[in-house]
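Contents: one structure, followed by commentary.
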Amino acid sequence: MAQLQTKGLGRAREIYRDRARRARELKKEGRKIFGYLDINPPVEILTAAGIVPFHLLGDMSEPITKADVCLPTVVCPFLRSVMDQGLKGKYDFLDGALFSHTCEVAEKMSHIWRIYLGDSEVYYIDTPHTTHDAAVKQHKYLLEDFIKALAESTGAEITPERLREAVALHNEQRALVRELYDLKKPDPPLISGRETIQVIVALTVLPVTEGNELLREVISEVKQRPEKPPQQPARLLVWGSIMDNTALVEMIESIGANVVMDDNALGSRAYFEDVEASDDPLDGLAYHYLVSIRNPRTFRETVLDKEGRKDYMTDLEARFGHLRDYAREWHANGVILQALRYCDSHAYEVPGIGDYLDHVGLPHIYLELDYNQSALAQLRTRIQAFLELLD
Amino acid sequence: MAEVKKKPINRLKTMYPLRALVDGMYERAQEASREGRPVAWCMVNWWGGDVVLRAMDVACIYPEDYGAVCAAFGAAPAHMARCDADGFPTHMCGYARNTLGYTAIMSELGEIPPDVPMGGMPKPTLLLGSAYFCDTRYKWFQSLGRYLDAPLWVLEMPHPGVKEYQTEGAPEHDIAFLVAELKGFAAFLEKLLKKKMDWDRFAELVDDTIEMNRVWYEVNELRKAVPCPMHSRDFWSSMPASLYMAADPKETARLYRDMYDEVKALVDNRQGAVAEEKYRLAFAELPPWHSLKFFDSLAERGWNFVIESWAYHPPKPIDLSHIKDPVEKIARLTYRYFTGFFADACATQDWWGYFEHPYLEYAREYRCDGIFLHPLLTCRTATNHLMVVQDQAMKRLKVPSIVIEGDIVDLSLFDPADALRKAETFEETMDYYKEMRQKEGLDW
Numbered sequence: 196m197a198q199l200q201t202k203g204l205g206r207a208r209e210i211y212r213d214r215a216r217r218a219r220e221l222k223k224e225g226r227k228i229f230g231y232l233d234i235n236p237p238v239e240i241l242t243a244a245g246i247v248p249f250h251l252l253g254d255m256s257e258p259i260t261k262a263d264v265c266l267p268t269v270v271c272p273f274l275r276s277v278m279d280q281g282l283k284g285k286y287d288f289l290d291g292a293l294f295s296h297t298c299e300v301a302e303k304m305s306h307i308w309r310i311y312l313g314d315s316e317v318y319y320i321d322t323p324h325t326t327h328d329a330a331v332k333q334h335k336y337l338l339e340d341f342i343k344a345l346a347e348s349t350g351a352e353i354t355p356e357r358l359r360e361a362v363a364l365h366n367e368q369r370a371l372v373r374e375l376y377d378l379k380k381p382d383p384p385l386i387s388g389r390e391t392i393q394v395i396v397a398l399t400v401l402p403v404t405e406g407n408e409l410l411r412e413v414i415s416e417v418k419q420r421p422e423k424p425p426q427q428p429a430r431l432l433v434w435g436s437i438m439d440n441t442a443l444v445e446m447i448e449s450i451g452a453n454v455v456m457d458d459n460a461l462g463s464r465a466y467f468e469d470v471e472a473s474d475d476p477l478d479g480l481a482y483h484y485l486v487s488i489r490n491p492r493t494f495r496e497t498v499l500d501k502e503g504r505k506d507y508m509t510d511l512e513a514r515f516g517h518l519r520d521y522a523r524e525w526h527a528n529g530v531i532l533q534a535l536r537y538c539d540s541h542a543y544e545v546p547g548i549g550d551y552l553d554h555v556g557l558p559h560i561y562l563e564l565d566y567n568q569s570a571l572a573q574l575r576t577r578i579q580a581f582l583e584l585l586d
Numbered sequence: 136m137a138e139v140k141k142k143p144i145n146r147l148k149t150m151y152p153l154r155a156l157v158d159g160m161y162e163r164a165q166e167a168s169r170e171g172r173p174v175a176w177c178m179v180n181w182w183g184g185d186v187v188l189r190a191m192d193v194a195c196i197y198p199e200d201y202g203a204v205c206a207a208f209g210a211a212p213a214h215m216a217r218c219d220a221d222g223f224p225t226h227m228c229g230y231a232r233n234t235l236g237y238t239a240i241m242s243e244l245g246e247i248p249p250d251v252p253m254g255g256m257p258k259p260t261l262l263l264g265s266a267y268f269c270d271t272r273y274k275w276f277q278s279l280g281r282y283l284d285a286p287l288w289v290l291e292m293p294h295p296g297v298k299e300y301q302t303e304g305a306p307e308h309d310i311a312f313l314v315a316e317l318k319g320f321a322a323f324l325e326k327l328l329k330k331k332m333d334w335d336r337f338a339e340l341v342d343d344t345i346e347m348n349r350v351w352y353e354v355n356e357l358r359k360a361v362p363c364p365m366h367s368r369d370f371w372s373s374m375p376a377s378l379y380m381a382a383d384p385k386e387t388a389r390l391y392r393d394m395y396d397e398v399k400a401l402v403d404n405r406q407g408a409v410a411e412e413k414y415r416l417a418f419a420e421l422p423p424w425h426s427l428k429f430f431d432s433l434a435e436r437g438w439n440f441v442i443e444s445w446a447y448h449p450p451k452p453i454d455l456s457h458i459k460d461p462v463e464k465i466a467r468l469t470y471r472y473f474t475g476f477f478a479d480a481c482a483t484q485d486w487w488g489y490f491e492h493p494y495l496e497y498a499r500e501y502r503c504d505g506i507f508l509h510p511l512l513t514c515r516t517a518t519n520h521l522m523v524v525q526d527q528a529m530k531r532l533k534v535p536s537i538v539i540e541g542d543i544v545d546l547s548l549f550d551p552a553d554a555l556r557k558a559e560t561f562e563e564t565m566d567y568y569k570e571m572r573q574k575e576g577l578d579w
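Each protein sequence line maps, in turn, to chains A and B. Each residue of the first sequence is one higher than the one before, starting from 196 at the first, in my numbering. Each residue of the second sequence is one higher than the one before, starting from 136 at the first, in my numbering.
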């Protein structure tokens, strides 16, 4: 198999189209690869153990034919697709897998994975659900337990020093992604929404240093290239469930809008907060992956108003104020709220975010997705109507 | 004189006072509200939070129970329609949609809506969410902030995996976490209600709760008898008294003891819950509350439902008499509930120690011919594991399952006529696998 030769955006696009190919190359080079799911597993620990973290993703274009035996149709179609890929042997290059309690279906999938794909080198971190002090402390214990189990099984030495180095490398990646997103602020943006997803998805298979190199190449290329995405009448922020495929954004960008900002688990949500330096690196990691990341599955204490009373809008401001800030900084004039069908943690947010966006004067539309490429066509008319509203 | 037709399911007499205890909680909450005493809307939290609230004299009601009540009384569709109109996605939990719609209407009227079942749920002083099992059970209460200004506390619960549970020190960390969370909740309540926790009363309630669960567990052990003397319908009517801690646990324990005596007498007399027990089934998970008469038709065919999901059963008994701190005691009871099947799961390398594995243990111990799987189209938690249960019960035990889709609240998602047609053909499948089990040396 020929190694990937291209650089920058071309390389990102190639990896995006066939992530498994790069994973197999890495495997051939003697690297250990662990799959992980969603935003809560601390990838720094895998990096510190010399393991390449590989984000488990689904395939929107492939029908689910194997996962029905273990996951019913009324759960998250993205997770069903991930399981389907696993059962079809598409992740056969993995040396292990790391799950967390990122949502209730993902938690249960860790047990299902063990039953159907083997329990060897499969780990699960029971991420707490609140930001209580006791929850952060518990999270740290759970990370310690995971490190012990991983070190025992793989022989890796996961020292505080190595963890600190891994945190620094991943923070570097976070800073580079933020720099990449800065390129979307001009009008027209220097990089399209489609290209951004390709780069972000490519990062999910690369060792962190290689990912950082790719980001530097992309940033440099985008700044220098003469052609830019076309200027469009609408600039949109897209919030919601994981987006590991360009299909929706491509469709939006083909009908009169630039997707200039996002808030989802693969995009800004994973990169816009750094892991804070701490004497014990596990303190920083435990806090970051439970508290700092804005995952709707984590309950944050209700923020009270100045008089100490519960006030709906004050609470919404604390939960969703970052969306207003994103819209201001990236000059977005509309918001698409999208959630995968059966994704409860996002679904419950929808009316509240809608209320908040009404309050700050940002037009919005809600789309429910089936994680199925062919089902997107019927959304086209709704999005077109929404874009006309923004004119 | 017309002949009185015998009912297909022999209902337990001792079930009725337990059900009445739960129904009475609405009246008690309404009375508390009228008198200006605090009222909490609670998620089922497996006793820790309930005991804290009860020791602080807070009247508790459970919107999950109210969802079932509204479904049974036909009031849920109107509430769900309001919830849908307010922009909540329709695939969300039926119980949640019922409560959100009910609360939206209540908040608009400024009072309990007229003609709602059981006199309705009065406006709460606080909300107690739970992180156990289901994302919905705290996201739903967070969403109520749209209509209510009641503060919300979310009670944490650890969810260890079967393997992780074996890690040295892991269970003790989990217990310490539960203890810290319960103490945090007590401190939150003290601040909110401006009164001190009565820790002596708390300790007494903890002991009574442990005893209540022990007796209730013993009642269900009796159901292993052939024929089984207690049908799932009686279980579902009786379980809320434990799960929702509807009244003083001492009183509930007394009523469960009465039930034990009645069931024991039936066992001694070899009297089953259905006239001629041909098939013994486990039911997974929650029933269609709006269509419970459906079980009469199955009973007429000799189907007896002898066990249900682990999730609604009391924990396996555990000796906690040596634990001095009552908070730790109740935390250990809750933890026991969650991990009680883990040892067997680990020994048999079945990695889903709750929800899935208990069915395998139950199918053996309760000598089940089949498992009735009821995927709930709006509930991930009660549905996630059902395909694995079906697959593993067949692979490991040669116990077949029947899948009948429906919903706990939404009547339109359940088709009893079609379900009965499927049930008829499933009997042949159960007969076939009974022979298969015998050939393979399984003893039922």
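Ideal placement from N, C-alpha and C gives every residue a C-beta, glycine not left out.
Measuring straight from C-alpha to C-alpha, what distance separates residue 196(A) and residue 212(A)? Here residue 196(A) refers to the residue found at position 1 of the first sequence. Here residue 212(A) refers to the residue found at position 17 of the first sequence. Because the pLDDT at residue 196(A) is just 48, under 50, the model does not fix this residue reliably, and the value given afterwards should be weighed accordingly. Approximately 16 Å, taken between the alpha carbons.
Select from the stretch 273-305 of chain A all residues with a C-beta closer than 7 Å to any C-beta belonging to chain B, and list them in chain order. Residues 296, 298, 299, 300, 302, 303 and 305.
Near-chain B residues of the stretch 544-573 of chain A (beta-carbon distance less than 9 Å), N- to C-terminal order: So the close ones are 544, 545, 546, 547, 549, 550, 561 and 563.
Name the two residues that bound the continuous beta strand (DSSP E) containing residue 419(B). Residue 419(B) sits at position 284 when you count from the first residue of the second sequence. For residue 419(B), the uninterrupted beta strand (DSSP E) segment begins and ends at 414-419.
Consider the Cβ of residue 533(B): report whether some Cβ of chain A lies at a distance smaller than 8 Å. Taking the second sequence and counting its residues from 1, one reaches residue 533(B) at position 398. Not an interface residue.
From 240(A), 215(A) and 216(A), pick the residue whose C-alpha is nearest to that of residue 591(A); which is it? Here chain A has residues from 196 to 586 only, and residue 591(A) is not among them.
Taking all protein chains shown into account, do 16 or more other C-beta atoms lie within 10 angstroms of the C-beta of residue 395(A), making it buried, or fewer, making it exposed? What you label residue 395(A) is simply residue 200 of the first sequence in a count that begins at 1. Residue 395(A) comes out buried.
What is the residue span of the beta strand (DSSP E) that residue 248(A) lies within? Residue mapping note: residue 248(A) aligns to position 53 of the first sequence, counting from 1. Membership of residue 248(A) in the beta strand (DSSP E) is indicated by the continuous run 246-250.
When we look at the beta-carbon of residue 534(A) and count the other beta-carbons within 10 Å, is it buried (16 or more) or exposed? By one-based count along the first sequence, residue 534(A) stands at place 339. Around the C-beta of residue 534(A), 16 or more other C-beta atoms lie within 10 Å, and the residue is accordingly described as buried.
Contact list for residue 522(B) against chain A, beta-carbon separation under 8 Å: The residue you call residue 522(B) lines up with position 387 of the second sequence. Those are 263, 264, 265, 266 and 267, listed as they occur along chain A.
Helix, strand or coil at residue 531(A) according to DSSP, with G and I counted as helix: On the first sequence, residue 531(A) is found 336 positions in, with the first residue counted as 1. In the structure shown, residue 531(A) sits in a strand (DSSP, three-state: E or B).
Measuring CB atoms only, is the stretch 152-172 of chain B touching the stretch 186-196 of chain B, in the sense that at least three cross pairs come out at less than 8 Å? The stretch 186-196 of chain B and the stretch 152-172 of chain B touch, with three or more beta-carbon pairs separated by less than 8 Å.
For the alpha helix (DSSP H) holding residue 289(B), just list the boundary residues, first then last. Translated into the one-based positions of the second sequence, residue 289(B) becomes position 154. Note, residue 289(B): premise wrong, no alpha helix (DSSP H); beta strand (DSSP E) at 287-290.
CB contact check: residue 215(B) to chain A, cutoff 8 Å: Counting from 1 along the second sequence, the entry for residue 215(B) is found at position 80. Residue 215(B) does not count as touching chain A.
Taking the alpha helix (DSSP H) that residue 561(A) belongs to, which residues open and close that run? For this step, residue 561(A) is matched to residue 366 along the first sequence. For residue 561(A), no alpha helix (DSSP H) segment is defined; the enclosing uninterrupted segment is the beta strand (DSSP E) at 559-564.
Between which two residues does the alpha helix (DSSP H) containing residue 395(B) stretch? Your numbering for residue 395(B) matches position 260 in the second sequence. Unbroken alpha helix (DSSP H) run through residue 395(B): 384-403.
Would you kindly work out how many angstroms separate the C-alpha atoms of residue 422(B) and residue 384(A), rounded to a whole number? Working through the second sequence from its first residue, we reach residue 422(B) at position 287. Working through the first sequence from its first residue, we reach residue 384(A) at position 189. Using only the alpha carbons, I get a separation of about 54 Å.
Using beta carbons (cut-off 8 Å, strictly below), is residue 226(B) in contact with chain A? As a working mapping, residue 226(B) is identified with position 91 in the second sequence. Cβ-Cβ to chain A under 8 Å: yes for residue 226(B).
Just checking, does the stretch 327-336 of chain B make contact with the stretch 543-559 of chain A on the three C-beta pairs under 8 Å criterion? They do not touch, by the three-pair rule.
By the criterion of Cβ-Cβ separation under 7 Å, what are the contact partners of residue 308(B) in chain A? Counted from its first residue, the second sequence places residue 308(B) at position 173. Chain A residues near residue 308(B): 333 and 336.
Of the residues 184(B), 567(B) and 466(B), the one placed nearest residue 289(B), counting alpha carbons only: Here residue 289(B) corresponds to residue number 154 of the second sequence, with the count starting at 1. Ranking 184(B), 567(B) and 466(B) by Cα distance to residue 289(B) puts 184(B) first.
Inter-stretch contact (C-beta, 8 Å, three-pair minimum) for the stretch 259-275 of chain B and the stretch 419-439 of chain B: Taking a cut-off of 8 Å for Cβ pairs, the stretch 259-275 of chain B and the stretch 419-439 of chain B do not touch, as fewer than three such pairs fall below it.
Residue 497(A) CB to nearest chain B CB: under 8 Å? Sequence index remark: in the first sequence, residue 497(A) carries index 302 (1-based). Closer than 8 Å: yes.
9 Å Cβ cut-off: residues of chain A touching residue 359(B): The residue labelled residue 359(B) in the question sits at position 224 within the second sequence. Under the 9 Å cutoff, chain A gives no residues; its nearest Cβ is about 27 Å from residue 359(B).
Three or more C-beta pairs under 8 Å: does that hold for the stretch 463-473 of chain B against the stretch 389-398 of chain B? Touching, no, given that fewer than three Cβ pairs across the two stretches are closer than 8 Å.
Run through DSSP, which three-state label would residue 512(B) get? Working through the second sequence from its first residue, we reach residue 512(B) at position 377. Reduced to three states, the DSSP call for residue 512(B) is coil.
Can you name, in chain order, every residue of its own chain whose Cβ lies under 7 Å from the Cβ of residue 217(B), other than the five neighbours on each side? Taking the first residue of the second sequence as 1, we reach residue 217(B) at position 82. Excluding sequence neighbours, residue 217(B) sits near 236, 239 and 240.
Which runs of the alpha helix (DSSP H) fall wholly inside the stretch 324-412 of chain A and span at least 4 residues, in chain order? Under the rule that a run must span 4 or more residues, the alpha helix (DSSP H) segments found entirely inside the stretch 324-412 of chain A read 328-349, 355-377 and 388-398.
Using only the alpha-carbon positions, how far apart do residue 410(A) and residue 309(A) sit? Numbered from its first residue, the first sequence carries residue 410(A) at position 215. Numbered from its first residue, the first sequence carries residue 309(A) at position 114. Approximately 35 Å, taken between the alpha carbons.
Helix or strand or just coil, what does DSSP make of residue 196(A)? Mapped onto the first sequence, residue 196(A) falls at position 1. Bear in mind that the predicted position of residue 196(A) carries a pLDDT of just 48, short of 50, making it too unreliable to give a figure here.
Decide yes or no for the touch test of the stretch 302-312 of chain B against the stretch 348-361 of chain A: beta carbon pairs closer than 8 Å, at least 3 of them. No, they do not touch.
May I ask you to report which of helix, strand or coil DSSP gives residue 499(A)? Taking the first residue of the first sequence as position 1, residue 499(A) is located at position 304. Of the three classes helix, strand and coil, the one that applies to residue 499(A) here is strand, per DSSP.
Residue 278(A) versus residue 219(B): straight-line alpha-carbon distance, rounded: Along the first sequence, one-based indexing puts residue 278(A) at 83. Along the second sequence, one-based indexing puts residue 219(B) at 84. Near 31 Å, if we compare the C-alpha coordinates of residue 219(B) and residue 278(A).
If you run the structure through DSSP and keep just helix, strand and coil, what is residue 180(B)? Along the second sequence, one-based indexing puts residue 180(B) at 45. DSSP, read as helix, strand or coil, puts residue 180(B) in coil.
Residue 376(B) versus residue 458(B): straight-line alpha-carbon distance, rounded: Locating residue 376(B) in the second sequence gives position 241, where the first residue counts as 1. Locating residue 458(B) in the second sequence gives position 323, where the first residue counts as 1. For residue 376(B) and residue 458(B), the distance between alpha carbons rounds to 26 Å.
Counting C-beta neighbours from all protein chains within 10 Å, is the total for residue 467(B) 16 or more, i.e. buried, or is it exposed? Here residue 467(B) refers to the residue found at position 332 when the second sequence is read from its first residue. Buried, because 16 or more other Cβ atoms sit within 10 Å of the Cβ of residue 467(B).
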